[in-house]
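Asks: Going by the numbering used here, the letters in the sequence shown line up with residues 198 to 449, in that order.
Before I ask anything, here is the structure I am working with.
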Amino acid sequence: MQLAEGKKIYFLSDFHLGAPDHASSLVREKRIVRFLESISHDAAMILIVGDLFDFWYEYKSVVPKGYVRLLGKLAWLTDNGIPVHFFVGNHDMWMNGYFEKELGIPVYFEEKDYEINGKKFLVGHGDGLGPGDHGYKFIKKVFRNPVCQWFFGILHPTMGIGLANFLSRRSRAATGQTDEKFLGEDNEWLIIYCKEILQKKKYDYFVFGHRHLPLDVKLEGGSRYINLGDWLRYNTYAIFDGNELTLKTYEP
């Protein structure tokens, strides 16, 4: 992909709409919509790198209510020729065609390579990558299993979504303080993962979410690891102008 003059690529992640309650989520949703409106004039492509929702499950003929402002803005962007790509996160991995059919947004369940203006990117949400966290990796396999998803789908949405929201709140409470601290290059599992990948293949940029902490870490060979932070606390995103990838904060 070659960017036209003045056009940019935007990366953002971890909106967690729905958390911790409807009122604060609505404020955050409106902020995100304003941001998307503000970049529509120069966005060549927008990549949303997971956990757009705090929970999302597409039943056969039902999707969770709410989020109409954001979904409408995403539809407006794609209708006006601005490509939007979505990578599922650990909170919204239960996608089943709604974004593709209704919004024209391709959905990716694994990391994806991009080459833009000669720069090579590896992009993904980041959950389950790197060493350790075997408990989560097992749970992820269970959640991704079509049979397990079918059993969840036969629950009434009130019960299923209620249970999922309860578990999501517990997970956030357990990891909240950890997310606020940089653990050092030897302990940050996504940095370890990036270094392992660089032994096999060259990338200029690794762009992930999930960590909830804005990070821009230099790696060997001039590569960089960018974590996009979140929109719960930081309102951070990354922008590629054709030459350089920069981590920024939205200040409306």
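Beta carbons: idealized from backbone N, C-alpha and C, even for Gly.
Computed from a predicted model, the values in this text were never measured in an experiment.
List the residues that DSSP assigns as beta-bridge partners of His-282.
Replies: The partner list for His-282 (beta bridge, DSSP) reads Leu-244.
Asks: Please confirm whether Ile-279 and Ala-241 have their CB atoms less than 9 Å apart.
Replies: Yes, the pair counts as a contact, with Cβ atoms nearer than the cut-off.
Asks: Candidates Asn-314, Gly-215, Lys-257 and Ser-237: which alpha carbon is nearest Ile-351's?
Replies: Checked all of Asn-314, Gly-215, Lys-257 and Ser-237; the closest Cα to Ile-351 is Lys-257.
Asks: Do you know offhand how far Ile-388's Cα is from Glu-202's?
Replies: If I take the Cα positions, the gap works out to 33 Å.
Asks: Taking Cβ positions, are Tyr-434 and Phe-232 nearer each other than 9 Å?
Replies: Yes.
Asks: DSSP puts Ala-435 in a beta bridge; with which residues?
Replies: DSSP, once it has assigned bridges, lists Phe-208 and Leu-444 as partnering Ala-435.
Asks: Just how far apart, CA to CA, sit Lys-204 and Ile-236?
Replies: Going from the Cα of Lys-204 to the Cα of Ile-236 covers about 10 Å.
Asks: Could you check which residue in Leu-244, Lys-415, Glu-226 and Thr-275 has the C-alpha nearest to that of Gly-381?
Replies: Taking only the C-alpha atoms, the option nearest Gly-381 is Lys-415.
Asks: Since Gly-323 contacts Arg-408 with CB under 8 Å, what's their CB separation in whole angstroms?
Replies: Between Arg-408 and Gly-323 the Cβ distance is about 7 Å, and since that is below 8 Å, they are a contact.
Asks: Under 9 Å, Cβ to Cβ, is there at least one residue of chain B near Glu-308?
Replies: Any reference to chain B falls outside this structure, which holds one protein chain only.
Asks: Let me check understanding here. Comparing Cα to Cα, which of Glu-299, Gly-294 and Met-290 lies closest to Leu-274?
Replies: The shortest C-alpha separation from Leu-274 is found at Glu-299.
Asks: Under DSSP, the beta strand (DSSP E) around Ile-313 begins and ends at which residues?
Replies: Start and end: 309 to 313.
Asks: Roughly how many angstroms lie between the CA atoms of Glu-308 and Gly-321, to the nearest whole one?
Replies: When rounded, the distance between both Cα atoms is 4 Å.
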